[in-house]
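Chemist:
Rendered as structure tokens:
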């Protein structure tokens, strides 16, 4: 296994200075900040045609950029990309012909895809990502003579595409890890413009910051923390004799209502929108549940992200064919709350779900690496 170093050990100076642990002043790029001359005459290879891949490729093409979609022979996504009017080649051929190679396949298969395309990278080309995991943890070691950047829309691909078509934008992130040409940042901002991110605002960050905050948020709050809290609340009510249906509504279904309020106007908007009883109860009891011991566990999780412990664990898990992942996922799917929730969700009009999973059409098998 390749050693998992962190970005602070490997990152080179960026275009306007050296990366620091914390950005003191956040820079946000908008349409007026983008200079399209840094991308208009270039060819972009989009490796993968899943959620993000299809959005990047179609938005770039509609912005007048020459796009090649890189997919392996036999990929089920080849026909879809061609039907969308895009040229399709193998990842190696696409990378060989491109100036910018946007790697939009799952983290777990990116190193293998990189091995397949690295010989096609010429000096001055750009290797671009939408997530910093493999660069930050040294699973991909790019050539010293190419730029390495990140352009990461902060929404699932179907929303990135929908917003673009509606003339609106999707907020995103831009970062520069390696700046050989001296114009890496300008090119990244131009790319963000071409896919619609600068319409809403593209926030400057670093590979380290994006990777570590993203992993921490997923583990401690968004995916891990929230689901654990929901299950504990549900089980507490059911064990106390309340109906599973009521427990589901109170602990899972209504969570969306609260999150929507926070999303739209922050915590204050949420507190101002709920009843006084709910507000007082939440303010006085919330910290009993999420107390200082939880903060200590969060700090431990963050430390595991920062020092590479989680990355090493996840890489080893994939190399072993995901035994723990498979077991944990099966246990989650077998939880009682899933059986209770399925018929209840059918009662609502929104049960005919639109796409919400950013990797809903991501490949499930590593050998199908560039399907995403």
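Numbering (full-length UniProt numbering), first residue to last: 1 to 372. Note that CB positions come from ideal geometry on N, CA and C, so glycine has one too.
So, are the CB atoms of residue 132 and residue 169 less than 7 Å apart?
Modeler: Remark: C-beta atoms of residue 132 and residue 169 do not approach each other more closely than 7 Å.
Chemist: Where residue 336 and residue 254 are concerned, what is the direct C-alpha to C-alpha distance, given to the nearest angstrom?
Modeler: 18 Å
Chemist: So, does the CB of residue 79 fall closer than 7 Å to a CB anywhere in chain C?
Modeler: You won't find chain C in this structure, because it holds only one protein chain.
Chemist: Assuming residue 171 and residue 134 make a contact with CB atoms under 8 Å, what is their CB distance in whole Å?
Modeler: Not confirmed; about 23 Å, so no contact.
Chemist: Sort 163, 322, 76, 114 by Cα distance to residue 373 and report the nearest one.
Modeler: Not covered by the structure: residue 373. The range shown for the chain is 1 to 372.
Chemist: Please determine, among 88, 47, 167, the residue with the shortest C-alpha to C-alpha distance to residue 127.
Modeler: 47
Chemist: If we count the other Cβ atoms within 10 Å of its Cβ and call it buried at 16 or more, is residue 280 buried or exposed?
Modeler: exposed
Chemist: Just curious, the beta strand (DSSP E) that residue 135 is in, first and last residue?
Modeler: Looking at the DSSP string, residue 135 is not in any beta strand (DSSP E); the run it does join, the alpha helix (DSSP H), is 133 to 136.
Chemist: Please return the same chain residues whose Cβ sits closer than 7 Å to the Cβ of residue 22, not counting the five positions on each side in sequence.
Modeler: In this prediction, residue 22 has a pLDDT of 44, which is less than 50 and means its spatial position is unreliable; nothing more can be read from the coordinates.
Chemist: Could you tell me the distance, in whole angstroms, from the CA atom of residue 304 to the CA atom of residue 216?
Modeler: 9 Å
Chemist: Please classify residue 178 as buried or exposed, where buried requires at least 16 neighbouring CB atoms within 10 angstroms.
Modeler: buried
Chemist: The alpha helix (DSSP H) spanning residue 283 covers which residue range?
Modeler: 276 to 289
Chemist: Applying the 10 Å Cβ sphere with the 16-neighbour rule, what's the burial state of residue 106?
Modeler: buried
Chemist: By how many angstroms is the C-alpha of residue 53 removed from the C-alpha of residue 44?
Modeler: 12 Å
Chemist: Which residues mark the beginning and the end of the alpha helix (DSSP H) in which residue 53 is found?
Modeler: 51 to 62
Chemist: Could you tell me the alpha carbon to alpha carbon distance between residue 313 and residue 226, rounded to whole angstroms?
Modeler: Taking the straight line joining both Cα atoms gives about 22 Å.
Chemist: How would you label residue 74, buried or exposed, when you count the other beta carbons within 10 angstroms and need 16 or more for buried?
Modeler: exposed
Chemist: Where in the region 155 to 205 do unbroken runs of the alpha helix (DSSP H), each at least 4 residues long, occur, reported from the N-terminal end onward?
Modeler: Uninterrupted alpha helix (DSSP H) stretches at least 4 residues long and entirely within the region 155 to 205 occur at 157 to 165, 184 to 194, 197 to 200, given in chain order.
Chemist: Look at the alpha carbon of residue 161 and the alpha carbon of residue 56, and state the distance between them as a whole number of angstroms.
Modeler: 8 Å
Chemist: What does a CB cutoff of less than 8 Å around residue 31 pick up in its chain, not counting 5 residues either side in sequence?
Modeler: 193, 198, 199
Chemist: Rounded to the nearest angstrom, what separates residue 229 and residue 139 at their Cα positions?
Modeler: Rounded to the nearest angstrom, the two C-alpha atoms are 33 Å apart.
Chemist: Over what stretch of residues does the beta strand (DSSP E) that includes residue 345 continue unbroken?
Modeler: Taken as a continuous stretch (DSSP letters only), residue 345 belongs to no beta strand (DSSP E), being part of the alpha helix (DSSP H) at 336 to 345.
Chemist: Output needed for residue 212: all residues of its chain with C-beta closer than 8 Å, excluding positions within five of it in sequence on either side, in chain order.
Modeler: 136, 302, 305, 306
Chemist: Helix, strand or coil for residue 273? Go by DSSP, reduced to three states.
Modeler: helix
Chemist: For residue 287, count the other beta carbons within 10 Å of its own beta carbon; 16 or more makes it buried, fewer makes it exposed. Which is it?
Modeler: exposed
Chemist: Check each candidate in 69, 183, 71, 50 and name the one with the smallest Cα separation from residue 38.
Modeler: 183
Chemist: So what's residue 91 in DSSP terms, helix, strand or just coil?
Modeler: In the three-state DSSP reduction, residue 91 falls in the helix class (H, G or I).
Chemist: With H, G and I counted as helix, E and B as strand and the rest as coil, what does DSSP make of residue 69?
Modeler: When secondary structure is reduced to three states using DSSP, residue 69 falls in the strand class.
Chemist: Can residue 173 and residue 218 be called in contact, C-beta distance under 7 Å?
Modeler: no
Chemist: Tell me the DSSP bridge mates of residue 103?
Modeler: According to DSSP, residue pairing for residue 103 in a beta bridge involves 47, 129.
Chemist: Alpha helix (DSSP H) containing residue 236: first to last residue?
Modeler: 224 to 239
Chemist: Tell me which same chain residues have a C-beta within less than 8 Å of the C-beta of residue 125, skipping the five on either side of it?
Modeler: 98, 99, 100, 101, 146, 147
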